[in-house]
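Residue numbers (our numbering): 4 to 489. Taking it in order: structure first as structure tokens, then the write-up.
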């Protein structure tokens with residue numbers, strides 16, 4: 004049973020239990036396990052003894068659509084096709100061949116649906132798409148929050164700092180820790196089967212295996228950005244779970260001490276899989292808790308501390324603070340404020356100090372092209388940008404420096420924000436995510452406090468330099484690995 008707090012009715016249309024099938028429109032939780040949306044759809048289908056249709060569509064006109072992002076999603080669709088092939092579920096992977104070609108598909112599938120269930124995701128273009136869908140379908144549309152450990156509706160206020168959110172989390176989360184999604188909701192399903200109507204399949208052909216397996220050359224006919232090539236690591240649930248296992252087996256024990264070292268491979272590298280919903284935050288938490296031999300009786304006092312509350316080892320606590328506190332504070336803001344990606348959403352103190360120093364002279368000033376091509380005067384910054392372009396990610400610690408230098412070298416703080424959003428969302432596989440916007444806006448003061456001494460350009464916003472970073476962490480091998488090619 005999916006908790007009511009995670010359910011949201013999106014329109015006033017009725018449920019029709021006597022219609023032909025239940026439709027699950029998979030949009031952000033692109034996985035077959037630990038998925039509350041799929042679980043809700045399956046509950047309906049089981050109760051009414053109806054077939055379950057899973058629609059996973061990939062548009063070609065979403066912002067920053069590219070070979071990189073498309074291929075990562077397609078690899079997930081390939082895994083889902085294999086997982087659902089023998090599950091008694093009709094899986095419909097649709098890849099839009101041209102702009103607007105997929106228009107009307109959801110409505111056509113909903114014509115004979117008992118109910119449409121989809122994922123509730125608070126960022127990027129998905130909320131707008133969901134509002135449009137709610138008006139277009141002739142049946143009830145339910146959105147299910149499968150985003151994090153804490154339901155999006157558990158709070159009705161935006162938290163200004165990670166500390167204030169953590170204090171709330173410590174008080175509110177325990178009552179939700181037992182509401183874990185089912186690991187494999189289709190394991191015991193016994194549903195009637197159906198074939199998709201021929202008219203629908205003719206107009207909107209299902210993606211074949213060759214497209215789901217295609218490399219960048221196979222994506223050439225699609226109207227997306229082919230200049231941003233795919234990354235070397237694979238997307239999809241299988242690769243995501245393999246990445247989780249590797250982290251738990253070989254990296255977690257070193258996480259607390261070495262995660263800030265760019266030359267050490269100890270970060271989880273799970274964020275792309277969390278962003279596209281190939282793995283669930285719930286199952287990552289469950290895997291860490293199982294490894295730790297943990298139970299809820301070990302929870303400490305709700306004091307907002309980063310350490311000690313979970314009652315786990317120091318490395319596990321450090322990782323869970325990133326997975327739960329820092330990830331979900333971004334979801335909190337995106338769910339409750341429409342301006343999460345706008346400059347004006349910064350805290351008042353940050354807006355004031357940045358405005359006071361907006362006209363300060365810059366020793367170095369670069370435009371978007373110079374930033375994008377990693378042609379600044381700073382080798383360490385250039386290396387971070389090279390990693391972003393090549394791998395679709397930047398080491399966590401250097402991502403902060405990357406943003407701080409863009410602020411320092413841009414004509415204005417607003418220009419810096421535009422550059423960070425453009426480069427991150429274009430190249431980062433985990434971009435366009437609430438967690439991404441948390442990181443970008445942290446550079447400008449969100450979730451932070453005023454710092455002294457007051458500096459040119461930064462004012463009271465936290466300052467970072469490449470020189471200090473190179474003294475704190477080892478970067479010689481990193482610089483060699485990501486040197487700009489002449």
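Ideal placement from N, C-alpha and C gives every residue a C-beta, glycine not left out.
Which residues in the same chain have their Cβ closer than 7 Å to the Cβ of residue i, if we skip the five residues on either side of it in sequence?
{"i": "residue 184", "result": "37, 38, 39, 42, 149, 283, 285"}
{"i": "residue 8", "result": "154, 156, 157"}
{"i": "residue 171", "result": "158, 162"}
{"i": "residue 136", "result": "109, 144"}
{"i": "residue 381", "result": "408, 469"}
{"i": "residue 425", "result": "371"}
{"i": "residue 482", "result": "382, 383, 386"}
{"i": "residue 355", "result": "none"}
{"i": "residue 419", "result": "409, 410, 413"}
{"i": "residue 417", "result": "346"}
{"i": "residue 303", "result": "311, 312, 314"}
Within 10 angstroms of the Cβ of residue i, are there 16 or more other Cβ atoms? Answer buried if so, exposed if not.
{"i": "residue 287", "result": "buried"}
{"i": "residue 479", "result": "exposed"}
{"i": "residue 75", "result": "buried"}
{"i": "residue 204", "result": "exposed"}
{"i": "residue 390", "result": "buried"}
{"i": "residue 71", "result": "buried"}
{"i": "residue 488", "result": "exposed"}
{"i": "residue 4", "result": "exposed"}
{"i": "residue 456", "result": "exposed"}
{"i": "residue 246", "result": "buried"}
{"i": "residue 82", "result": "buried"}
{"i": "residue 429", "result": "buried"}
{"i": "residue 218", "result": "exposed"}
{"i": "residue 131", "result": "exposed"}
{"i": "residue 275", "result": "buried"}
{"i": "residue 463", "result": "buried"}
{"i": "residue 173", "result": "buried"}
{"i": "residue 102", "result": "exposed"}
{"i": "residue 20", "result": "exposed"}
{"i": "residue 128", "result": "exposed"}
Here's a check: name, in chain order, each residue in its chain whose Cβ is nearer than 6 Å to the Cβ of residue i, leaving out the five neighbours to either side.
{"i": "residue 327", "result": "152"}
{"i": "residue 189", "result": "90"}
{"i": "residue 259", "result": "317, 318, 321"}
{"i": "residue 336", "result": "161, 343"}
{"i": "residue 32", "result": "38, 40, 122, 149, 280"}
{"i": "residue 352", "result": "453"}
{"i": "residue 233", "result": "70, 71, 74, 219"}
{"i": "residue 269", "result": "254, 257, 258, 261, 262"}
{"i": "residue 398", "result": "265"}
Per the DSSP calculation, residue i is bridged to which residue(s)?
{"i": "residue 95", "result": "58"}
{"i": "residue 69", "result": "228"}
{"i": "residue 146", "result": "11, 121"}
{"i": "residue 241", "result": "Per DSSP, none; premise fails for residue 241."}
{"i": "residue 26", "result": "56, 119"}
{"i": "residue 151", "result": "According to DSSP, residue 151 bridges with nothing at all."}
{"i": "residue 462", "result": "458"}
{"i": "residue 450", "result": "164"}
Going by beta carbon distance, what residues of the same chain come within less than 8 Å of residue i, once the five residues before and after it are set aside?
{"i": "residue 160", "result": "339"}
{"i": "residue 213", "result": "221"}
{"i": "residue 368", "result": "412, 413, 414"}
{"i": "residue 443", "result": "406, 420, 423, 424, 427"}
Need the endpoints of the alpha helix (DSSP H) that residue i sits in, please.
{"i": "residue 389", "result": "382 to 394"}
{"i": "residue 303", "result": "Run containing residue 303: none; DSSP gives neither H nor E here."}
{"i": "residue 359", "result": "351 to 359"}
{"i": "residue 332", "result": "330 to 339"}
{"i": "residue 488", "result": "Here residue 488 belongs to no alpha helix (DSSP H), and DSSP marks it neither H nor E."}
{"i": "residue 428", "result": "416 to 430"}
{"i": "residue 409", "result": "399 to 412"}
{"i": "residue 42", "result": "39 to 51"}
{"i": "residue 130", "result": "129 to 139"}
{"i": "residue 369", "result": "Segment: none, residue 369 is in no alpha helix (DSSP H) and carries neither H nor E."}
{"i": "residue 111", "result": "108 to 113"}
{"i": "residue 185", "result": "Careful: residue 185 lies outside any alpha helix (DSSP H) and carries neither H nor E."}
{"i": "residue 469", "result": "469 to 475"}
{"i": "residue 156", "result": "No alpha helix (DSSP H) holds residue 156; DSSP gives it neither H nor E."}
{"i": "residue 261", "result": "255 to 261"}
Tell me which residue opens and which closes the beta strand (DSSP E) that residue i is part of.
{"i": "residue 117", "result": "116 to 122"}
So residue i packs on residue j, CB below 8 Å; how close in whole Å?
{"i": "residue 1", "j": "residue 48", "result": "No statement about residue 1 is possible, as the shown extent of the chain runs from 4 to 489 and does not include it."}
{"i": "residue 1", "j": "residue 307", "result": "The structure shown does not extend to residue 1, since the chain spans only 4 to 489, so no value can be given for it."}
{"i": "residue 55", "j": "residue 45", "result": "6 Å"}
{"i": "residue 323", "j": "residue 291", "result": "7 Å"}
{"i": "residue 466", "j": "residue 458", "result": "5 Å"}
{"i": "residue 53", "j": "residue 195", "result": "7 Å"}
{"i": "residue 333", "j": "residue 438", "result": "5 Å"}
{"i": "residue 95", "j": "residue 58", "result": "5 Å"}
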